[in-house]
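J.: Quick one: this structure, given as structure tokens, is what I'll be asking you about.
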Amino acid sequence: MKKQFFLAISIWILISIHKGYGADTLATHYRIVEVASGEEISVDTLADRLAKASVVFFGEEHDDPVAHALELAVLKRLYLHWHGAMALSMEMFQTDIQPIVDEYIDDVISERNFIKEARAWKNYGDYRSLLHFVKEHRIDFLAANTPDRYSNLANRKGLPALDSLSAWAKSFLPPLPIDTLGGAYHEKFFKQMEGAHFIGMQYVYQAHCLWDANMAWVIARYLKNHPQRKVLHINGRFHSDDHLGIIQQLQIRYRPGTKVLSISSVASPAFRSNEEMRAYARNADFLILTDAGLERTH
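Laid out in structure tokens, this is it:
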């Protein structure tokens, strides 16, 4: 009983600390630019242009309150553009908890049970409004990421270790073997890791590629089964910046020819600077610079 009480209090705190910013109240704290034209645009115009894609990738920084507010704004607008024929896909939930998400959306289980059993991130409050919109409007939801236990296996022993898994375990993963794709993404990853190339880091890179492949595979499988529907996918921006990572896996390996548009949201103290905008322009089709001076969500 005491354990349940403290669990309830913890969940209440988790939800309560979310700042609850809206895109309108943050209007002076971000800029959106269409990279190809260099045009600065509104959220409405952003959604108009994103609606032409089959898959939209929103690359965020996980603790950015502006990005979280804009994700909801984009979701609401794409829902209207796509007449509800869509899915919200998220890095923040793993493939093996898809039935739990479905039960929550169908009102079978409580939010408290959902948070616990879906292994929600510690900043669940940042994503709560997205889940509530999905639930209210009966939108399909895709728990897209690799279960921790299997990414940990790849992290410790490399991708070949996945071959030893049971058929049941493999049902949560993309078809094996995983293509690490190499090239620009490999270089980008190790540059981020400050050039560390020892064997353990190669395994970390392979696990990272597993996440990308898993998310791309979940999206591709959904589109194969629902060819008239569209997908909005939320992920950390490293996974989709420079049109690499998940986008590369989707377009090269799992669903070539898919029309994709991407957003990269970057928090910067100089978000009003055109020079800063140019510095990040190659990240995506649409660049959002947000005010790094706002308090982070966690």
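Take the position in the sequence shown, starting the count at 1, then add 5; the result is the number in this note's numbering. Note that the Cβ used here is the ideal one computed from N, Cα and C, for glycine as well. Small disclaimer: the values here were computed from a predicted structure and weren't measured.
(1) Compare the beta carbon distance of HIS73 and THR295 with 8 Å and say whether it is the shorter of the two.
(2) By alpha-carbon positions, which one of ILE110, GLN254, VAL38 ends up nearest to GLU281?
(3) Give the secondary structure of ILE37 by DSSP, where H, G and I count as helix, E and B as strand, and everything else as coil.
(4) Where do the ends of the beta strand (DSSP E) carrying GLU300 lie?
(5) Given VAL236, which residues of its chain have a CB within under 6 Å of its CB, disregarding the five upstream and five downstream residues?
(6) Assign VAL113 to one of three DSSP states: helix, strand, or coil.
(7) Looking only at its chain, what residues have a beta carbon closer than 6 Å to the beta carbon of ILE105, apart from the 5 residues adjacent to it on each side?
(8) Taking the C-alpha atoms as reference points, what is the distance between THR185 and ARG242?
(9) Could you give the distance in angstroms between the alpha-carbon of LYS175 and the alpha-carbon of ASN219?
(10) Can you check which of these residues, ILE293, VAL79, GLU300, ASN288, is closest to LYS193 by C-alpha distance?
(11) Which class does HIS213 belong to by DSSP, given the choice of helix, strand or coil?
(12) Which residues does DSSP pair with ALA92 in a beta bridge?
(13) Nearest to ASP49 by CA position, among ASP68, HIS86, GLU66, PHE62, is which residue?
(14) Would GLN233 be called buried (16 or more neighbouring beta carbons within 10 Å of its own) or exposed?
(15) At what residues does the alpha helix (DSSP H) containing SER156 begin and finish?
(16) Which value, in whole angstroms, describes the spacing of the CA atoms of ILE239 and SER169?
(17) Using the C-alpha atoms, what's the distance from ARG54 back to ASP107?
(18) Starting from the Cα of LYS99, find the closest Cα among PRO261, TRP173, LEU178, GLN207 and give me that residue.
(19) Counting beta carbon pairs with one atom in the region 152 to 167 and one in the region 205 to 215, are three or more of them shorter than 8 Å?
(20) Return the bridge partner residues of GLN99 from the DSSP annotation.
(21) Can you give me the C-alpha to C-alpha distance between ALA90 and HIS142, rounded to a whole angstrom?
(22) Looking at the strands, I want to know which residues DSSP matches up with PHE63.
(23) Between which two residues does the beta strand (DSSP E) carrying GLU199 extend?
(24) Taking the alpha carbon of CYS214 as the reference point, which residue from GLY298, GLU199, SER245, ASN230 has its own alpha carbon closest?
(25) Can you tell me whether ALA32 is buried or exposed? The criterion is at least 16 other CB atoms within 10 Å of its CB, across all chains shown.
(26) Which of helix, strand or coil does DSSP assign to ILE183?
(27) In the DSSP assignment, find the unbroken alpha helix (DSSP H) run with THR50 in it and report its ends.
(28) Of all the options SER267, ASP247, PRO261, SER115, which has the alpha carbon lying nearest to the alpha carbon of HIS137?
(29) For THR263, collect the residues of the same chain with a Cβ closer than 8 Å to its Cβ; drop the 5 residues on either side in sequence, then sort them by chain order.
T.: Quick answer:
(1) no
(2) VAL38
(3) Secondary structure of ILE37 (DSSP, three-state): strand.
(4) That residue, GLU300, is in no beta strand (DSSP E); it is neither H nor E in DSSP.
(5) VAL60, ALA92, SER94, ILE224
(6) coil
(7) GLU122, ALA123
(8) 18 Å
(9) 11 Å
(10) ASN288
(11) Reduced to three states, the DSSP call for HIS213 is helix.
(12) ASP145, VAL236
(13) HIS86
(14) exposed
(15) 153 to 162
(16) 30 Å
(17) 30 Å
(18) Contrary to the premise, residue 99 reads as Gln rather than Lys in this sequence. Of PRO261, TRP173, LEU178, GLN207, the residue nearest in Cα terms is LEU178.
(19) In the pairwise beta carbon analysis, the region 205 to 215 is classified as touching the region 152 to 167: at least three pairs are separated by under 8 Å.
(20) ASN150
(21) 11 Å
(22) Beta-bridge annotation (DSSP): PHE63 is paired with ILE239, ILE268.
(23) Where GLU199 is concerned, there is no enclosing beta strand (DSSP E), given that its DSSP letter is neither H nor E.
(24) SER245
(25) Per the 10 Å Cβ criterion, exposed.
(26) coil
(27) Counting along the chain, the unbroken alpha helix (DSSP H) around THR50 starts and ends at 48 to 55.
(28) Ranked by Cα distance from HIS137, the first of SER267, ASP247, PRO261, SER115 is SER115.
(29) SER59, VAL60, ALA225, LEU228, LEU255, GLN256
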